[in-house]
């Protein structure tokens, strides 16, 4: 394994990887070596200090080698034609060697060694806040690029606080969490929207539950026997008049039509002649040759509509604001008709009906409303 660990200063690469180097069970019982780490005492943890990694082949097989700031030992300052000890890194697996090397950027490592990296781990702390760990199968030139993130495994991590007692990460921590102002603004807006949404939702729930409680109380409340129950209907049927409760006054004034020639306009018939419909523009016909245009109601009667308005109706039509009401009326009437028909239907027992072998028979009933003709003498 040649594990490449990258990350900018303060991103957590050394703290996380040093703790893993000392405590990972996979490295237990194996010889451990490390290059100098600021403030770290290798001998106190069973690790042997080495000055350089170029003599790695002289170490025991199965060794685990930790190299901090690898660019100081195997960086790009080495000629493109690498020395022999770097070339032999291609066969480090034969001796069971494992390398853990850290640096700020993968591009700081010598190209030959960089191509051997597997895996590549990158640590990142955006705005010095939550630490993120990306792991890749091979070295990535730009670990934070969109293409690299799409193939990497992302995980939030927190270094063990005990590791900072083992080495000196910094003499003064100047990296303070500082989220961008836009992020703070978005968080505040999100919190405000959540609060407003919760308030509106609570009001809606209360408004829905209150009528329900009122209806329950009204259902269980005692009702006076003499209290009339109101009835509502979507139908436009004419009102039913109780003539016995309100007897009409027959006199010369009450039977005199308000409009001459229209007897039904007399006051005596007001309770019976309430209109159930009104004239609407149902059709318009125009003649370009004659320059005429006439409109008709839904009953085919002519309407006194200005010619200019009539031409507009013919050309672009007119909005009918009562259309949905008529549709609802028709539906209600059809439902009432079906309900009445079903309630009046009487089942017939076929066994009780006598069967006639001949054709149908008819019975003629005399019209009792007319006097019988006088018998001829």
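Residue numbers (full-length UniProt numbering): 1 to 377.
Think of the CB as a built atom: it goes at the ideal place given N, C-alpha and C, for glycine as much as any other residue.
query: Below 7 Å between beta carbons: does that hold for residue 121 and residue 137?
result: As a working mapping, residue 121 is identified with position 121 in the chain shown. As a working mapping, residue 137 is identified with position 137 in the chain shown. At a Cβ-Cβ threshold of 7 Å, residue 121 and residue 137 do not count as neighbours.
Three-state secondary structure assigned by DSSP to residue 107: Taking the first residue of the chain shown as position 1, residue 107 is located at position 107. Residue 107 sits in a helix when the DSSP states are folded into three classes.
query: Can you give the Cα-Cα distance for residue 247 and residue 264, rounded to whole angstroms?
result: Along the chain shown, read from residue 1 onward, the residue named residue 247 stands at position 247. Along the chain shown, read from residue 1 onward, the residue named residue 264 stands at position 264. Its pLDDT being 48, under 50, residue 247 is placed unreliably in this model, and the value from its coordinates should be taken loosely. Cα-Cα distance, rounded: 18 Å.
field: Residue burial classification, residue 428 (beta-carbon count within 10 angstroms, cutoff 16)
entry: A query on residue 428 cannot be resolved here, the shown segment of the chain reaching from 1 to 377 and no further.
task: Answer with buried or exposed for residue 319, where buried requires no fewer than 16 other C-beta atoms within 10 angstroms of its C-beta.
output: Start at 1 with the first residue of the chain shown, and residue 319 comes out as number 319. Of the other Cβ atoms in all chains shown, fewer than 16 fall within 10 Å of the Cβ of residue 319; this residue is therefore exposed.
Neighbourhood of residue 119 by C-beta distance below 7 Å, restricted to the same chain and skipping five residues each side: Numbered from its first residue, the chain shown carries residue 119 at position 119. 3, 135, 136 and 137.
query: Using the rule of at least 16 other Cβ atoms within 10 Å of the residue's Cβ for burial, across every protein chain shown, is residue 94 buried or exposed?
result: Within the chain shown, residue 94 is the residue found at index 94, counting from 1. Classification for residue 94: exposed.
task: Can you give me the start and stop residues for the alpha helix (DSSP H) that residue 84 sits inside?
output: Locating residue 84 in the chain shown gives position 84, where the first residue counts as 1. For residue 84, the enclosing alpha helix (DSSP H) stretches over residues 84 to 87.
field: Segment limits, alpha helix (DSSP H) that includes residue 146
entry: Within the chain shown, numbered from 1, the residue matching residue 146 stands at position 146. Per DSSP, residue 146 belongs to the alpha helix (DSSP H) from 146 to 151.
- request: From the DSSP output, in three-state form, read off residue 302 for me.
  value: Here residue 302 corresponds to residue number 302 of the chain shown, with the count starting at 1. Here residue 302 sits in strand by DSSP.
message: Judging by CA-CA distance, which residue of 295, 81, 340 and 12 is the nearest neighbour of residue 128?
response: Here residue 128 refers to the residue found at position 128 of the chain shown. Nearest option by C-alpha distance: 12.
query: Apart from the five residues on each side of it in sequence, which residues of its chain come closer than 7 Å, Cβ to Cβ, to residue 256?
result: Taking the first residue of the chain shown as 1, we reach residue 256 at position 256. Excluding residues within five positions, the ones whose Cβ falls inside 7 Å are 266.
task: Give, in chain order, every unbroken run of the beta strand (DSSP E) that is at least 3 residues long and sits entirely within the stretch 6 to 63.
output: List check, beta strand (DSSP E) in window: 32 to 34.
query: Given that a residue counts as buried once 16 or more other Cβ atoms are within 10 Å of its Cβ, and exposed if not, what is residue 63?
result: Sequence index remark: in the chain shown, residue 63 carries index 63 (1-based). Buried, because 16 or more other Cβ atoms sit within 10 Å of the Cβ of residue 63.
message: Considering Cα atoms alone, identify which of 330, 50 and 66 is closest to residue 27.
response: In the chain shown, the residue the question calls residue 27 occupies position 27. Taking only the C-alpha atoms, the option nearest residue 27 is 66.
message: Below 8 Å on the Cβ atoms is my contact criterion, and I expect residue 157 with residue 103 to pass it. Report the Cβ-Cβ distance as a whole number of Å.
response: Position 157 of the chain shown, counted from the start, is the residue given in the question as residue 157. Position 103 of the chain shown, counted from the start, is the residue given in the question as residue 103. That pair is no contact at about 19 Å.
task: Note down the Cα distance separating residue 295 from residue 258, rounded to an integer number of angstroms.
output: What you label residue 295 is simply residue 295 of the chain shown in a count that begins at 1. What you label residue 258 is simply residue 258 of the chain shown in a count that begins at 1. For the pair residue 295 and residue 258, the Cα-to-Cα distance works out to about 28 Å.
- request: Grab me the residues of residue 40's own chain with a C-beta within less than 7 Å of its C-beta, minus the 5 sequence neighbours each way, in chain order.
  value: The residue given as residue 40 occupies position 40 in the chain shown. The answer, listed in chain order, is 166 and 167.
query: Whose C-alpha, out of 185, 285, 108 and 191, is nearest the C-alpha of residue 300?
result: Numbered from its first residue, the chain shown carries residue 300 at position 300. Comparing Cα-Cα distances from residue 300 to each of 185, 285, 108 and 191, the minimum goes to 285.
message: What does DSSP give as the partner residue(s) for residue 66 in the beta ladder?
response: Here residue 66 is taken as the residue at index 66 of the chain shown, counted from 1. Secondary-structure assignment with DSSP links residue 66 through a beta bridge to 34 and 100.
query: Which residues bound the beta strand (DSSP E) around residue 283?
result: Position 283 of the chain shown holds residue 283. First-last of the beta strand (DSSP E) with residue 283: 283 to 287.
message: So residue 163 and residue 15 are supposed to be a Cβ contact under 8 Å. How far apart are they, rounded?
response: Numbered from 1 along the chain shown, position 163 holds the residue referred to as residue 163. Numbered from 1 along the chain shown, position 15 holds the residue referred to as residue 15. Contact between residue 163 and residue 15 holds: CB atoms are separated by about 5 Å, below the 8 Å threshold.
message: Let me make sure I understand the geometry here. Which of 17, 302 and 277 has the alpha-carbon closest to that of residue 326?
response: As a working note, residue 326 is residue 326 in the chain shown. Comparing alpha-carbon positions, the option among 17, 302 and 277 lying closest to residue 326 turns out to be 277.
message: Is the beta carbon of residue 21 closer than 7 Å to that of residue 78?
response: Locating residue 78 in the chain shown gives position 78, counting from the first residue. Locating residue 21 in the chain shown gives position 21, counting from the first residue. When the beta-carbon positions are compared, residue 78 and residue 21 stay at least 7 Å from each other.
field: Cβ neighbours of residue 152 in the same chain (closer than 7 Å, five flanking residues each side left out)
entry: Taking the first residue of the chain shown as 1, we reach residue 152 at position 152. The residues are 134, 135 and 136.
query: Based on the DSSP output, what are the partners of residue 379 in its beta bridges?
result: The requested residue 379 does not occur in the structure, where the chain is confined to residues 1 to 377.
message: Checking 7 Å against the spacing of the C-beta atoms, do residue 114 and residue 139 come in under that value?
response: Residue mapping note: residue 114 aligns to position 114 of the chain shown, counting from 1. Residue mapping note: residue 139 aligns to position 139 of the chain shown, counting from 1. Yes; because the gap between Cβ atoms is below 7 Å, this pair is in contact.
task: Count the other CB atoms, across all protein chains shown, that sit within 10 Å of the CB of residue 131; report buried if there are 16 or more and exposed otherwise.
output: Residue 131 sits at position 131 when you count from the first residue of the chain shown. Burial call: buried.
- prompt: Where residue 161 and residue 17 are concerned, what is the direct C-alpha to C-alpha distance, given to the nearest angstrom?
  reply: For the purposes of this step, residue 161 is taken as the residue at position 161 of the chain shown. For the purposes of this step, residue 17 is taken as the residue at position 17 of the chain shown. The alpha-carbon separation between residue 161 and residue 17 amounts to approximately 13 Å.
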